Amino acid sequence: MLDRKRWQGRVFIGGTWEQPSGGTIEVREPATGELLARAGAASAADVRRAGEHAAEAQPDWARTPGAARAAVMRTAGLLLERQSGEIARWIMRETGSVRRKAQFEIEASFSEFMEAAALATQSQGELLAPTEAGQTNLARRLPIGVVGAITPWNSPLILAMRVLGPALALGNAVVLKPDPQTPVSGGVIVARLLEEAGLPAGVLQVLPGGADVGEAIVTDERIEMVSFTGSTEAGRRVGALAGARLKKVSLELGGNNAIIVLDDADLEAASSAASFGAFFHQGQICMTAGRHLVAEGIAERYGELLAARAGRLAVGDPNTADVAIGPMINDAQVERVDRIVHETVAAGATVLAGATHDGLFYRPTVLDAVTESMPAFAEEIFGPVAPISVFASDDDAIRLANRTAYGLVASVQTTSLSRGLAVAERLRTGIVHVNDQTIADVANAPFGGMGHSGNGGRFGSPSNREEFTQWQWLTFREQQKTYTF
Ligand code: NAD
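Residue numbers in the sequence shown follow my numbering, run continuously in steps of one, and reach 643 at the last position.
Encoded structure:
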C-alpha cells in the first residue's frame with residue numbers, strides 16, 4: 159500500500175505526488191543511522207500551490223453529503239487496520255518507537271477515523287426558537303475552510319490524525335506539514351490511506367519541511383486556521399504570526415506533568431504506573447510524568463522501587479530486539495536531557511538509576527532529592543528521567559504540582575478515592591487521572607492543556623465540532639419583510 163515508488167522524493171499536492179521545489183529529505187533510522195527513504199522537501203512556493211488547491215477543492219468537499227465523507231473516513235480506517243504491520247514497522251524505525259508505542263498510535267488513529275466518520279453525519283446545528291412569526295431561525299456549523307496542520311516527530315501518526323480526522327470529516331481541506339524527521343509516519347502514510355480511500359484531489363496536501371515551511375503555512379492567506387502541536391517556544395511564534403493575520407489558531411504545546419503519590423498509596427502500583435508514565439517512548443511524550451511528587455514518609459521506598467524498575471528496562475534497537483526503551487530522536491535531544499540531569503545533580507540531587515547514555519540510547523534515570531529550583535523540576539525534560547521531590551502535606555503537594563507555567567496532565571496515586579478527587583479538584587491541568595499514570599490520548603475525550611500547554615483548544619469528539627467549524631446564524635421567511643424606514 160505504501161508503494162515507495164509513488165511517494166519517494168515527492169510531496170502530495172492536488173491529489174498527485176509531485177516533485178517539490180525544496181529537494182529531498184533523508185529519512186534516517188535513529189537506532190542505526192540507516193537511510194530508510196528520501197521524502198520530498200517542501201518550500202514556501204509549494205505551500206502557496208497547496209493552499210490554492212485546497213481552497214479550490216474545499217467547497218465541493220463541504221457540499222459532499224456527510225454520509226459520503228463518512229465512507230471515506232471508514233475506508234481509510236479499515237485500510238489502516240489492514241496495513242498495520244507495515245505501518246507499525248515504519249513508526250518503529252522512523253521514530254525509534256517500541257512496538258507497543260507503534261501499536262498505540264495505530265489503534266488510536268483507527269479510532270480517530272471511526273470517530274471522524276460518526277462526526278460527519280451528526281447534527282450540524284440547532285433550530286432556534288423564532289423571534290417573530292413567519293421566520294425560521296437556525297444556528298448551523300460551517301467548515302472553517304482550509305486548515306493548516308503542523309505536527310511534531312514524537313507520535314507523528316496519531317498527532318496528525320487527531321487533526322485530519324475531524325477537520326476533513328467536517329468538510330475542511332487540510333494542508334499538513336509533518337516534522338522533517340518523520341515525514342513518512344507523520345504524512346506519507348495518512349496521505350496514502352486517504353488517497354486509496356477515495357478522498358477527492360486537493361482536499362489534503364502533505365508537505366514535509368522545517369520551521370520555514372511551517373511559517374509559510376501560518377502566513378498563507380488561503381489557510382484560515384492553524385492547528386499546531388509542538389513546543390511552547392515555537393507555539394508562541396505561530397500564535398503571534400496567526401494573531402497578526404486574525405487567523406484562528408489552536409496550540410497544543412509542552413507539559414511538565416506531575417504524578418503525586420499520597421502517603422496512603424500502594425507503592426508497587428504507584429511505582430509501576432510511574433515507570434510507564436516516565437519512561438514510555440523514552441519520555442518523549444508531552445504527557446510524560448516529568449515530576450514525581452511523593453509524600454516524605456514514603457519517598458525513600460518509592461525511590462528504591464522506581465529505580466529497581468528503571469534498572470530492569472531493556473534498552474536497545476526496537477526493530478531488532480524486544481526492548482522497553484529505544485533510541486532518542488537525535489543528538490540534540492540527548493544533549494539537552496543530559497545537560498538537565500547533570501545540572502540537577504550538580505545542584506544537589508542524587509542519582510538512583512541511569513544518568514548515562516550510549517549514543518542516542520539514554521538509560522532510564524531516577525533522580526532523588528530534587529527541589530523546585532533545580533532544572534529537572536523547572537523544565538520540560540522530554541527524556542526518560544524521573545525526578546523525585548518530597549512534600550509534607552496534601553496542600554504542599556498541590557502547591558508543588560501547580561508550580562509550573564504548564565498545565566497539561568496530572569496524576570494522583572492514593573488508596574482513598576475521595577482524597578484523590580479532593581486533590582484532583584485543585585490541580586490546574588487540562589487532564590487529571592486519579593490512580594492512573596499520565597499518558598493517555600483517546601478519540602472520545604477532550605485533550606488539551608491549561609496555561610502554557612496551549613491556548614484553550616481541545617481535540618477529541620466532544621470538542622472537535624467546536625474546534626473545526628464555525629457558527630453561522632441563518633434566518634429565512636417565505637415573504638420579503640418590509641420596513642417603515
Ligand atoms: P517543535 O515546536 O520544535 O516542532 C513541532 C513542529 O513545528 C514541527 O513540525 C516543526 O517543524 C514546526 N515548527 C517549528 N518551528 C516553527 C515555526 N516557527 N513556525 C511553524 N512551524 C514550526 O517541537 P518538537 O521538539 O518537534 O516536539 C516536542 C514538543 O512538542 C514538546 O514540547 C512536547 O511537549 C510538544 N508536544 C505537545 C503535544 C500536545 O498535545 N500538547 C503533543 C506532542 C508534543
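Note that the Cβ used here is the ideal one computed from N, Cα and C, for glycine as well.
This one's a predicted model, so the numbers in the text were calculated from it and none came from an experiment.
For Gln177, the number of other beta carbons within 10 angstroms of its own is below 16, and it is reported as exposed.
In the three-state DSSP reduction, Asp516 falls in the strand class (E or B). Ala260 and Ala555 have their C-alpha atoms roughly 34 Å apart. For Thr253, the Cβ stays outside the 6 Å cut-off from all heavy atoms of the ligand NAD.
Relative to the ligand NAD, the beta carbon of Val396 is positioned inside 6 Å of a heavy atom. Ranked by Cα distance from Leu296, the options Val304, Thr633 and Tyr641 are led by Thr633.
Look at Pro604 here: in three-state DSSP terms it is coil, with no helix or strand label.
Membership of Gly254 in any alpha helix (DSSP H) is not indicated, and neither H nor E is assigned to it by DSSP. Here the alpha carbons of Pro324 and Asp218 stand approximately 17 Å from one another.
Distances from the CA of Arg207 to each of Arg164, Val333 and Gly517 were compared; the closest alpha carbon is that of Val333. Placement of the Cβ of Glu410 at a distance of less than 6 Å from at least one heavy atom of the ligand NAD is found. The C-beta distance from Gly397 to Ser569 rounds to 28 Å, too long to fall under 8 Å, and the pair is not in contact. The shortest CA-to-CA distance from Leu277 to any of Pro314, Ala226, Ile316 and Pro310 is the one to Ala226.
Beyond the five residues adjoining it in sequence on each side, Leu300 comes within less than 7 Å, by CB distance, of Thr627, Gln628 and Gln630 in the same chain, given in chain order. Closest in C-alpha terms to Ser281, from the list Pro620, His450, Phe643 and Arg635, comes Pro620.
Runs of the alpha helix (DSSP H) lying entirely within the segment 347–396 and spanning at least 4 residues, in chain order: 347–354 and 369–377.
In this structure, Gly198 and Val169 form a Cβ contact; the two beta carbons are roughly 4 Å apart against a cut-off of 8 Å.
Contact between the segment 379–394 and the segment 281–295 is absent: fewer than 3 CB-CB pairs across the two stretches fall below 8 Å. Proximity of the beta carbon of Gly615 to the ligand NAD is not indicated: no heavy atom of the ligand is located closer than 6 Å.
Annotation: the continuous beta strand (DSSP E) that includes Lys406 extends over Lys406 to Glu410. The beta carbon of Val524 lies closer than 6 Å to those of Leu464, Ala465, Ala468, Leu510, Ala511 and Ala544 in the same chain, with the five residues before and after it left out. Here the alpha carbon of Thr390 sits roughly 29 Å from the alpha carbon of Gly329.
Minimum Cα-Cα distance from Ala580 among the listed residues Phe519, Asp553 and Ala189 corresponds to Asp553.
Cβ neighbours of Gly235 within its own chain (closer than 6 Å, five residues either side excluded): Phe268, Phe271 and Met272. Its chain contains Gly172, Gly173 and Ala215 as the residues whose beta carbon lies nearer than 7 Å to that of Ala359, once the 5 sequence neighbours on both sides are disregarded; these appear in chain order. Within the segment 177–249, complete beta strand (DSSP E) segments of at least 3 residues are found at 182–186 and 193–198, given in chain order. Apart from sequence neighbours up to five positions away, the residues of its chain that approach Leu237 with a beta-carbon distance below 8 Å are Met159, Leu351, Glu354 and Ala355, ordered along the chain. Bounds of the beta strand (DSSP E) holding Pro545 are Val543 to Phe549.
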